[in-house]
Every structure is written in C-alpha cells, then in structure tokens.
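Data first, discussion second: the structure below is written as structure tokens.
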Amino acid sequence: MRVGFIGLGSQGAPMARRIVEAGFATTLWARRPAALAPFADTAAKVAGSPAELAAASDLVCLCVVDDRDVEELAQGVLAGLRPGGIVAVHSTVHPDTCRRLARRAAAQGVQVLDAPVSGGGRGAAEGTLLVMVGGPAETVESCRPVFSSYGDPVVHLGDVGTGQVAKLLNNLLFTAQLGLAADTLALGGQLGLNPEELGKMLTRGSSASFALGRLVDAGGTLERISGHAGLLLAKDVRLLEEIAGERGAEGAVRGAARAALGAMGAS
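Note that our numbering gives residue 30 to position 29 of the sequence shown, counting from 1, and the numbers run on in steps of one.
Here is the structure:
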C-alpha cells in the first residue's frame with residue numbers, strides 16, 4: 002500500500018517516520034518546508050500539493066489540528082485520489098465532520114476512516130499509540146498493517162464517526178481524572194501529608210492512573226497541564242457535551258470533567 006501523510010507535527014512526524022521505516026512507499030506534504038527537513042535522510046518522497054500526494058497514494062493519512070484543517074485539506078486530497086483510495090482522519094474532530102467527508106468521498110469511490118490516536122509523540126515514536134478506528138471492517142483491515150506501524154492496539158469501534166466518539170470519551174475521562182487527582186493531592190496536603198510523597202505512593206497503589214501519573218510529574222497541580230493541554234481538553238469536552246446533549250445522554254463524569262476544566266481555567 003502506498004501511503005500519503007499530511008500533518009507532520011509533534012505526533013504526526015513520528016507516525017510518518019514509523020510508516021517509512023516499516024517499508025511502505027510514502028509521500029509527504031507540508032505547508033512549512035521545515036516540517037519536511039527531518040525526512041531528508043529517508044526514502045519518503047515529497048509532493049508539491051495535497052492533490053499530487055493523493056495521486057501517488059492508496060491511503061492518505063491526515064493528522065492535522067482541527068475540523069477546518071481536515072475539511073480544507075480534504076478538498077485537495079479528493080481531487081487527486083483515485084477510486085478505491087482511502088482517507089484516514091487521525092485528527093480529533095467532530096464525528097459529523099468525518100461522516101460528511103465519507104459521504105462526499107463515496108461519490109467518487111473513495112472510503113473514509115476516522116482513526117484518532119492517543120499516546121502523544123512518545124507513543125508514536127515507540128509504536129504504541131492507541132488507534133481508535135471507525136469505518137467499514139474490510140477497509141479497516143486493509144489499513145491495519147499501516148496503522149500497526151505506529152499503533153498498538155488498533156481498535157475497530159464501528160461505523161465512521163465511532164472512532165471520534167471513543168477518542169472524545171477517552172479525553173473526557175482523562176480530564177475528569179485529572180481533576181479528581183488534583184483534589185486528592187490537595188486534600189492530602191490539608192490532612193498533613195507531603196503531597197509529593199503522597200503522589201509517589203498513589204501512583205503505586207490501586208488508585209494509579211495515567212492522569213494521576215501525569216499530574217504527579219507536573220508537580221501535583223493542574224497549572225502546568227493547563228498551560229499545554231487545557232484548551233485542547235476543553236475543546237474535546239465541549240464536543241462530547243454537544244454530542245451527548247443531542248442524544249439526551251447523561252453521565253456524572255461530564256460534571257467532573259467540567260469541574261476539572263474550571264480548576265484549570267480552561268472551561
């Protein structure tokens with residue numbers, strides 16, 4: 002399978018490198034030439050436009066920031082992708098963005114998968130990203146070797162859009178857990194415990210979680226996490242709130258996540 006990759010940021014760049022190193026014929030495109038420089042020593046080719054990249058690819062992976070970027074780049078990609086081609090959206094966006102793109106692509110014989118990821122740049126570099134995929138089962142299986150070059154596990158959730166819902170739920174729970182962990186460490190301090198030592202202990206007990214570990218590493222408060230992740234988490238929680246509201250879905254975790262965002266000043 003020939004792979005095109007757009008979105009060479011802190012997470013996308015190591016994903017693309019894993020694809021190249023796995024032996025897939027890979028074509029890259031980026032708005033900034035500097036993003037392509039780290040690939041000069043690889044077998045990856047560089048396209049002059051998204052359409053040119055798509056014309057040289059069977060699968061095009063998009064790992065860009067938001068819905069607007071996905072929709073804008075999809076225009077060029079669909080202009081060059083031949084029938085039978087596949088677009089995989091690795092960005093975290095609204096499920097309806099992926100569903101609209103899938104309907105539009107189907108008119109020209111192209112399939113769309115939504116495949117958001119979790120694990121950051123480190124997970125991408127180590128090949129341990131969690132890849133949450135929505136779309137037709139046969140299409141997912143055809144792309145699994147590529148996804149597995151940077152992801153483990155690669156989980157098929159259902160139809161197009163379900164991968165995005167799963168990613169938003171993941172980030173909702175992570176946000177809520179951050180708030181609960183911060184409250185717990187603060188309560189321990191009020192009860193006379195050293196928060197730093199308490200944090201070390203809790204990360205080794207039955208209370209351990211990824212969110213708690215991140216908080217302890219950040220000094221035990223939400224300030225540092227808010228600085229680099231608060232706005233993104235707030236965006237994802239708002240998206241999930243919108244989706245849940247449309248379906249009348251409830252869940253106490255939503256309140257806990259909102260409280261955490263409030264504590265981070267990111268609500």
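Where is the CB? At the ideal position from N, CA and C, for every residue including glycine.
What is the C-beta distance between residue i and residue j, in whole angstroms, given that I count them as a contact (C-beta under 8 Å)?
i      : j      : result
ALA183 : GLY231 : Their Cβ separation, rounded to whole angstroms, is 13 Å, which puts ALA183 and GLY231 out of contact at 8 Å.
SER149 : VAL155 : 6 Å
ALA57  : ARG3   : 6 Å
GLY214 : THR204 : 5 Å
LEU173 : ALA52  : With 8 Å as the limit, LEU173 and ALA52 do not qualify as a contact, their Cβ atoms being about 36 Å apart.
SER11  : GLY122 : 5 Å
CYS99  : VAL113 : 6 Å
GLY135 : GLY110 : Not confirmed; about 19 Å, so no contact.
LEU240 : LEU169 : 6 Å
PRO196 : GLY206 : Actually they do not touch by this definition, with Cβ atoms about 15 Å apart.
LEU82  : VAL147 : Going by Cβ atoms, the distance from LEU82 to VAL147 rounds to 15 Å, so no, they are not a contact pair.
So is residue i buried or exposed if we call it buried at 16+ other beta carbons inside 10 Å?
i      : result
GLN76  : exposed
PHE25  : buried
GLN191 : exposed
ASP218 : exposed
PHE211 : exposed
GLY159 : exposed
ALA35  : exposed
PRO117 : buried
HIS229 : exposed
GLY292 : In the structure as shown, the chain starts at 2 and stops at 268, and residue 292 therefore has no counterpart that could be examined.
GLY162 : buried
Which residue from the options puts its Cα closest to that of residue i?
i      : options                        : result
THR129 : SER119, GLY49, ALA23           : SER119
LEU63  : ALA56, ALA38, GLU72            : GLU72
PRO15  : GLY124, LYS201, ALA235, GLU243 : GLY124
GLU139 : ASP153, GLY85, PRO96           : GLY85
SER227 : ALA261, ALA107, GLY206, LEU241 : ALA261
TRP30  : VAL47, LEU179, LEU114          : VAL47
SER50  : ALA253, LEU74, PHE175, LEU199  : LEU74
ILE7   : THR28, VAL21, HIS229           : THR28
GLU39  : ASP67, ILE20, LEU9             : Rather than Glu, the amino acid found at residue 39 in this sequence is Pro. Measuring from the Cα of PRO39, the nearest candidate turns out to be LEU9.
GLU242 : ASP115, HIS95, GLY162, ARG69   : HIS95
ALA167 : LEU194, ASP115, GLU142, GLY200 : ASP115
ARG101 : ARG225, MET133, ASP68, LEU131  : ASP68
GLU142 : ARG255, HIS91, ILE87           : ILE87
ASN171 : LEU60, GLY246, ALA55, VAL238   : VAL238
LEU233 : ASP42, ALA245, VAL66, THR43    : VAL66
GLY200 : SER207, GLY193, LEU186         : LEU186
ALA108 : GLU127, ALA80, PRO117, ALA89   : ALA80
ARG225 : ASN195, GLU247, MET265, LEU188 : MET265
MET133 : ASP97, LEU179, THR93           : THR93
ALA23  : ARG83, GLU127, ARG32           : GLU127
ALA89  : ARG33, THR43, ALA41, GLY5      : GLY5
SER208 : GLN178, ASP59, LEU188, VAL161  : GLN178
GLU42  : ARG255, VAL21, ARG145, ALA245  : Correcting the residue identity first, residue 42 is Asp in this sequence and not Glu. The candidate whose alpha carbon is nearest that of ASP42 is VAL21.
ASP70  : HIS91, VAL254, CYS144          : HIS91
GLY180 : ARG255, ALA106, GLY162, GLY13  : ARG255
THR1   : GLY193, PRO137, LYS236         : Given a span of 2 to 268 for the chain in the structure shown, any question on residue 1 remains unanswerable.
Taking 7 Å as the cut-off, is the CB of residue i close to at least one heavy atom of the ligand ATP?
i      : result
HIS157 : In terms of ligand content, the structure shown is empty, and the ligand ATP therefore cannot be addressed.
Could one say the Cβ of residue i lies closer than 8 Å to chain B's Cβ atoms, at least one of them?
i     : result
CYS62 : Among the protein chains of the structure shown there is no chain B, as only one such chain exists.
(request) Enumerate, from N- to C-terminal direction, the unbroken alpha helix (DSSP H) stretches of 4 or more residues contained entirely within the segment 214–261. (result) With a minimum length of 4 residues, the continuous alpha helix (DSSP H) runs that stay inside the segment 214–261 are 224–248.
(request) Identify every run of the alpha helix (DSSP H) within the segment 98–153, keeping only runs that are complete inside it and at least 4 residues long; order them along the chain. (result) Counting whole runs of 4 or more residues, the segment 98–153 contains the alpha helix (DSSP H) stretches 121–127, 138–148.
(message) Which complete alpha helix (DSSP H) runs does the segment 18–71 hold, if anything under 4 residues is left out?
(response) Runs found: 34–37, 51–56.
(message) Extract the residue ranges of the alpha helix (DSSP H) inside the segment 181–213, only unbroken runs of 4 or more that lie entirely within it.
(response) Complete alpha helix (DSSP H) runs here, min 4: 196–203.
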